[in-house]
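Numbering (my numbering), first residue to last: 7 to 158.
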């Protein structure tokens with residue numbers, strides 16, 4: 007009887023240990039936060055390919071610190087910086103489909119339109135940006151300057 011008691015206690019201990027180890031690996035959101043922060047740091051260092059790798063891991067992950075629209079916006083940004091304009095536009099449009107008022111995506115898609123010689127579309131992005139963020143926003147001012155420089 008005592009032997010059976012030890013077997014039950016040991017099996018309970020082992021099952022808890024195994025469950026704990028498995029559940030930790032299933033959804034560790036701290037890893038997502040670290041990948042997000044690292045992706046941003048890589049962008050600052052202009053290391054766009056590794057940043058793309060980090061952000062792609064986060065496409066379907068949820069966080070309180072970023073949205074899916076943010077992830078698609080940064081994927082658009084990194085692809086645009088690599089001159090992969092078709093991919094960049096696809097990502098920006100996905101960001102805007104998720105959040106039509108995403109200020110970053112509105113500014114950056116406007117920049118993409120300028121880089122691909124679509125001035126009217128850039129101006130449309132600027133107008134949308136004006137209605138969403140206002141004329142005093144950093145994003146509006148930046149895109150407005152770029153359009154002004156482009157048209158002079």
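Just so you know, even glycine gets a beta-carbon here, dropped at the ideal spot from N, CA and C.
Note that the coordinates shown come from a computational prediction; the quantities given were computed from them, not determined experimentally.
Residue 99 and residue 112: beta carbons closer than 9 Å? no
In angstroms with no decimal places, state the Cα-to-Cα distance between residue 27 and residue 64. Residue placement at residue 27 is flagged as unreliable, the pLDDT there being 39, under the threshold of 50; the coordinate-derived value follows with that caveat. Answer to the nearest angstrom: the Cα atoms are 23 Å apart.
Would you say residue 42 and residue 79 are within 9 Å of each other, going by their C-beta atoms? Against a cut-off of 9 Å, the Cβ pair of residue 79 and residue 42 comes out as no contact.
I'd like the span of the alpha helix (DSSP H) that includes residue 85, first residue to last. 74 to 87
Is residue 66 helix, strand or coil by DSSP? In this structure, DSSP gives residue 66 a state outside helix and strand, which the three-state scheme calls coil.
Output yes or no for whether 9 Å exceeds the beta carbon distance between residue 54 and residue 84. Yes, the Cβ-Cβ distance between residue 54 and residue 84 is below 9 Å.
Assuming the contact rule is C-beta atoms closer than 8 Å, residue 58 and residue 81 should be a hit. Round their C-beta distance to whole Å, please. 6 Å
With a 10 Å radius around its C-beta and 16 neighbouring C-beta atoms as the bar for buried, classify residue 125 as buried or exposed. Exposure of residue 125 is indicated by the presence of fewer than 16 other C-beta atoms within 10 angstroms of its C-beta.
Beta-carbon spacing of residue 132, residue 123 below 9 Å: The answer is no: Cβ separation not under 9 Å.
Contacts around residue 56, its chain only, beta-carbon distance under 6 Å, and the 5 residues preceding and following it disregarded: Excluding positions up to five away in sequence, the list reads 48.
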